[in-house]
Structure formats: C-alpha cells, structure tokens
Amino acid sequence: MTYKRYRLLALWSCIGMFLVLIAGVIVTNTDSGRGCGTDWPLCHGKFIPAYTLESMVEYTHRAVSGLEGILVLITFIATFKLNPKPADNEALIYSGGALLFTIAQAILGMMAVIWPTSDAVLAIHFGISMIAFTFTWLLTSWARRREKELATGQTAKKPSSALAQVPVSIFRAAVAVIVYCYGVVYLGAYVRHTDSAGGCIGWPLCNGEFVPEINGATGIVFIHRVAGVLLFFFILWLFFFVRKLLGQTHELSRISLVSFLLVLSQVLSGWLLTATLDNEDVYVFTSLLHTIIITALFSSLCLLMIRAYQLARQSNPN
C-alpha cells in the first residue's frame, strides 16, 4: 500500500468516526436511545427493525458504528504493516488509540442499552467518542505530513533553528488546558443527557440573574456556562503565552490561534443553542453545531500538545 492510499484510508476512517459522533448526538437529541428496546446488537429481536423514527435513528447509529469499527480495524492493520519501524510509532499510537476507544464506546453503548445506566455514566460516552475521533484526525494529519516528507525527501527529525525556541512549559500548559476542556465537555454532555438545557433561559444571564440559585437543571447549566467561560479565558491566555514565547509566525502560534477562534465560536454557538431552545427543529441543528465545534477545538488542542512535545523534545533531546 502506498502512503497516498493509506492517507485516503485514514481520511475515510476519520470521516466515519465523525459520522458516528454526529449520529450519537442525534440519538440523544431525539431521545432514541431506547428505540431498539433492550436488545443488542439486534433491534427488538430483529435484524431489520420496524419502521419507527426512534428505531431507525438508533439502528442507523449502530450500523454506522459497526462499519466504522471495521474500518478502524483495517486502518490499524494497514498502519502496522506500513510502519513497522520504531521511528514510525506515532502512527501506531494514533491508530491503536482510535481502535481502543472505538471498542470502548461500543461496549459502553451496549451497556447503556442492556442495563439501566445513570446520566453521569452516559455523559462519558460522548467524551470517549470525541477522543476516538481525535485519534483518527491525528492519524490523518500524520499521514498527510508523512506523504509530503517522502515526496520532498525531508524527515520529521530534521533539525531546525526554530526547534530550540520551544520550551517544555508550552506542552505542560497545553496538557492542563486539555484536561480542563474535557471536564467542560463532560459537563455539556451531562446537560444534554439530563435534559437540563432549559434550566437557563437567556444569555449571558441565566433566567435574568447574574448568579441564579445553584440547584436542579438551572445549577447544572449555570456551572457548565461558568466552566465554558473559564475555558475561553484559559485558551486566550494559552494563545498569548505561546505567541509571546515563539512569535506569531511559529507553527504552535498558528495552532493556538485556531484553538482560540474555535473556542470563541463555541461560546457563540452556545448563545445560539440557548436562543433556539423553543424551536426543536432548529435546536437539533444548533446542538450539532455546538458538538462539531467542541470536537474540532479538542482536536486542535491535542495537536498543539503533541507538536509542542515533539518540538520541545527535539530541541532538548537530553
């Protein structure tokens, strides 16, 4: 297999995982999680389910997830055969991580169908799916870089004067922001699974108050909002921190800028989400937009972390 074909395989794996992510959000937003009863992998004991909206939405999600699982497995095998050298372990980490988290989300999805599962546990499902997507996206990015390196005769380890300017503090800061970002994502998923979105009417105030009573649905949504605002400022600080150390033209500065623009878009999509609470038909799409942006943001932060680690390690090999 050539690297061009491998890159296309990785790309399709990434697209498939994106579809799995979107299908899962649609299942949650349409309350179709029980569309196939407590049967798994069949739907009400049948291979082809009855034509009801809930059954078709849930079964489509399962079908897409199953096909994606096969595609991720094929990608992992292709990665192992194409990159047997230790120097290419980066691709194996990405493809192996995608496979691991794909299996994890399938198991968690099965458990949610067969046994009663709390909203706190269900909220983890989205986070696992997001991580699985991030691994496939990182693999696609790596394959694109690798193909370009082979075409130009360059190597990923080629020394550069810019490498010496990357301190390990950027990597540590990126890790801290990623961990916090995942916590905010979990809170958002918990809001969705507990149907608490209507707990705060209006934006940026919550029910006309700067600080409402912290209880029930209102408390859940308000905590998520506060956490989201803090995430915005953390990423803004990270952007200026990287830019101050490396300059505005450095690779890491560009990635941090993308991350800031994405978190800004996420805040605005949160406002849009609140504005469409009374319109279920539109709310489905604004919720999808909110999901897409946070997934892109998390992936961008992970790329920043990885590149910061690689560049800092190359500039300080000891």
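In terms of my numbering, the sequence shown is residues 1274 to 1591. Every residue, glycine too, gets a C-beta built ideally from N, C-alpha and C. Computed from a predicted model, the values in this text were never measured in an experiment.
Could you spell out the range, first to last residue, of the alpha helix (DSSP H) harbouring residue i?
i, result
"N1362", "1362 to 1387"
"L1411", "1392 to 1425"
"L1550", "Neither: L1550 is in no alpha helix (DSSP H) and is coded neither H nor E."
"M1274", "No alpha helix (DSSP H) contains M1274, which DSSP labels as neither H nor E."
"R1335", "1326 to 1355"
"I1508", "1489 to 1519"
If distances are taken between C-alpha atoms only, which option among the options comes closest to residue i?
i, options, result
"Q1438", "F1349, H1523, H1563", "H1523"
"A1364", "E1486, V1452, S1414, V1484", "S1414"
"L1541", "L1562, W1510, A1385, L1530", "L1562"
"I1380", "F1349, D1304, V1394", "V1394"
"L1281", "G1400, I1347, P1485", "I1347"
"L1372", "I1404, G1489, R1516, I1496", "I1404"
"A1548", "L1574, G1472, T1425", "G1472"
"Q1539", "L1503, Q1521, V1515", "L1503"
"W1544", "V1515, L1478, S1368", "L1478"
"R1498", "V1515, C1454, T1333", "C1454"
"L1344", "Y1279, K1319, Y1556, G1310", "Y1279"
"A1336", "A1351, W1313, I1350, F1353", "W1313"
"R1516", "L1423, I1350, P1440, F1320", "P1440"
"Q1583", "I1474, N1362, A1424", "N1362"
"R1445", "T1325, M1274, I1579, A1500", "I1579"
"S1402", "Y1324, G1382, N1552, T1275", "G1382"
Pick helix, strand or coil for residue i, following the three-state DSSP scheme.
i, result
"E1524", "helix"
"E1482", "strand"
"C1316", "strand"
"S1573", "helix"
"N1302", "helix"
"C1309", "coil"
"T1632", "Residue 1632 cannot be examined here, being either before or after the span of the chain that is shown, 1274 to 1591."
"V1293", "helix"
"C1473", "coil"
"V1557", "helix"
"V1452", "helix"
"I1321", "coil"
"V1531", "helix"
"V1536", "helix"
"V1441", "helix"
"Q1587", "helix"
"A1283", "helix"
Suppose the cutoff is 6 Å on Cβ atoms and the five residues either side in sequence are ignored; what does the same chain contact list for residue i look like?
i, result
"S1434", "At S1434, the pLDDT of 40 sits below 50, so the modelled position is not reliable; the number obtained from the coordinates is stated separately. Excluding positions up to five away in sequence, the list is empty."
"S1338", "V1293"
"D1301", "First, the amino acid is wrong: residue 1301 is Thr here, not Asp. Taken in chain order, the residues that qualify are R1465."
"A1569", "L1535"
"Y1459", "A1396, G1400"
"L1412", "A1283, Y1367, S1368"
"V1557", "N1302"
"V1555", "T1549"
"G1370", "F1408"
"E1553", "none"
"I1474", "N1480"
Please tell me whether residue i and residue j are closer than 9 Å, where the distance is taken between their beta carbons.
i, j, result
"S1469", "V1494", "yes"
"I1451", "L1525", "no"
"A1581", "A1447", "yes"
"H1334", "A1377", "no"
"F1513", "L1537", "no"
"Y1324", "E1420", "no"
"G1492", "G1461", "no"
Leaving out five residues on either side along the sequence, give the residues of the same chain with a beta carbon under 7 Å from the beta carbon of residue i.
i, result
"V1298", "S1560, L1561, T1564"
"V1330", "I1299, V1300, T1303, S1305, G1308"
"S1573", "I1528, V1531, S1532, L1535"
"T1311", "V1386, I1387"
"T1390", "M1384"
"L1355", "M1274, Y1279"
"I1508", "V1450, S1532, F1533, V1536"
"T1352", "A1364, L1365, S1368"
"L1577", "A1447, L1525, I1528, S1529, S1532"
"R1417", "R1280"
Beta-carbon within less than 8 Å of residue i's beta-carbon, same chain only, minus the 5 sequence neighbours each way: which residues are those?
i, result
"E1341", "S1286, G1289, M1290, L1292, V1293, T1375"
"D1392", "Y1463, H1466, T1467"
"C1575", "T1407, L1411, I1451"
"I1487", "F1495, I1496"
"H1398", "G1297, Q1378, L1381, G1382, A1385, A1462"
"A1585", "V1439, P1440, V1441, I1443, F1444"
"Y1332", "G1308, C1309, C1316, P1322"
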